[in-house]
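In my numbering, the protein residues as written are 0 to 311. Worksheet: the structure to be examined is printed underneath.
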């Protein structure tokens with residue numbers, strides 16, 4: 000981890016035979032161009048030598064005890080890591096800054112949210128210190144930067160941002176294939192009384208996988224469709240044009256498919272379903288797709304759509 004950098008025995012041998020500046024350059028190169036005073040002292044520089052390098056422009060102070068090496072044209076990740084290093088061992092990006100690093104919610108502020116353990120840590124310019132007791136499962140590294148896990152980040156966000164922003168961050172996590180419902184449920188179970196827990200639970204409810212539509216439930220839906228609207232009785236789970244279809248009216252050449260997240264929530268399933276639809280369309284069938292949630296929440300609306308397609 001960047002903040003816990005130490006020199007092992009092979010590195011100690013390297014320092015004995017090379018100038019400290021070479022070691023500093025190597026360490027900084029692995030840390031987006033930033034380094035701490037402690038790391039430079041370990042590399043063999045005295046405080047006076049560090050001060051001299053800062054005076055002649057070889058080092059540029061970013062925070063107390065943290066410097067950029069050679070220049071200040073720093074990347075966003077360099078500035079993020081510098082903020083974490085300034086807060087000492089065990090510090091991590093958290094809250095909005097963590098969400099920005101994960102890519103689920105942008106952060107245009109000029110301040111970094113950093114967590115520290117217990118009561119230690121002091122206010123630093125450009126850094127908002129959060130004193131959090133984090134479980135090991137709630138911390139990780141991303142792009143070499145210590146950060147709270149995405150699930151823990153969502154919990155912290157839920158306590159500080161509007162519901163619409165939280166929902167946006169959750170949806171972005173799904174788009175990036177980062178969202179892990181089990182990890183979020185675990186965070187909620189361990190922190191059910193923490194601020195933000197209720198808001199996160201409510202926001203996540205809409206993202207939970209839909210209940211599977213079984214054969215028996217499809218059959219009940221089909222029977223209700225016929226009784227309420229006087230429609231021809233469909234074939235349920237029938238073999239039509241080389242594949243099993245959820246509901247089919249072969250005479251009218253209409254097929255209804257029911258999508259659920261568990262079975263259709265991957266790119267492979269998405270492309271497979273579209274290929275099947277294309278084959279049916281080429282064979283003269285009209286395909287109507289509903290989600291399991293649509294059939295649960297809006298059965299009358301779904302029935303009206305099927306009725307209109309059958310009548311067309």
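We put the beta carbon where it would ideally sit given N, CA and C, even for glycine.
- Message: Since residue 98 and residue 44 should fall inside the 8 Å C-beta cutoff, what is the C-beta to C-beta distance between them, to a whole number of angstroms?
- Response: Contact flag wrong, Cβ pair sits at about 36 Å.
- Message: Please state whether the Cβ-Cβ distance between residue 103 and residue 171 is less than 7 Å.
- Response: yes
- Item | Proximal residues to residue 169 (C-beta, below 8 Å), its chain only, five neighbours per side dropped | 103, 153, 178, 202, 203, 206
- Query: In its own chain, which residues sit with a C-beta less than 7 Å from the C-beta of residue 312, not counting the 5 before and 5 after it?
  - Reply: Absent from the structure is residue 312, since the part of the chain shown begins at 0 and ends at 311.
- Drop a sphere of 10 angstroms on the beta-carbon of residue 62, count the other beta-carbons inside from all chains shown, and report buried for 16 or more, exposed for fewer. buried
- How is the beta strand (DSSP E) around residue 242 delimited, first residue to last? 242-248
- Message: Any contact between the stretch 295-308 and the stretch 219-239? By contact I mean 3 or more CB pairs, one from each, below 8 Å.
- Response: yes
- Please check the pair residue 113 and residue 91, which I expect to be a contact at CB under 8 Å, by giving their CB distance rounded to whole angstroms. 7 Å
- Query: When you compare only the Cα positions, how much space is there between residue 297 and residue 291?
  - Reply: 10 Å
- Any idea what DSSP makes of residue 71, helix, strand or coil? coil
- Other residues of its chain near residue 200: CB distance less than 7 Å, five sequence neighbours each side excluded: 187
- Message: Here's the rule: buried if 16 or more other CB atoms are within 10 angstroms of the residue's CB, otherwise exposed. What is residue 248?
- Response: buried
- Could you check what DSSP says for residue 288 in three-state terms: helix, strand or coil? strand
- Task: Compute the Euclidean distance between the alpha carbons of residue 263 and residue 257, then round it to the nearest angstrom.
- Result: For residue 263, the predicted model reports a pLDDT of 41, less than 50, meaning its position is unreliable and no value from the coordinates is stated.
- Query: So what does residue 238 bridge to, in DSSP terms?
  - Reply: 243
- Neighbourhood of residue 251 by C-beta distance below 6 Å, restricted to the same chain and skipping five residues each side: 309
- From what residue to what residue does the alpha helix (DSSP H) around residue 114 run? Taken as a continuous stretch (DSSP letters only), residue 114 belongs to no alpha helix (DSSP H), being part of the beta strand (DSSP E) at 111-115.
- Can you tell me whether DSSP reads residue 92 as helix, strand or coil? strand
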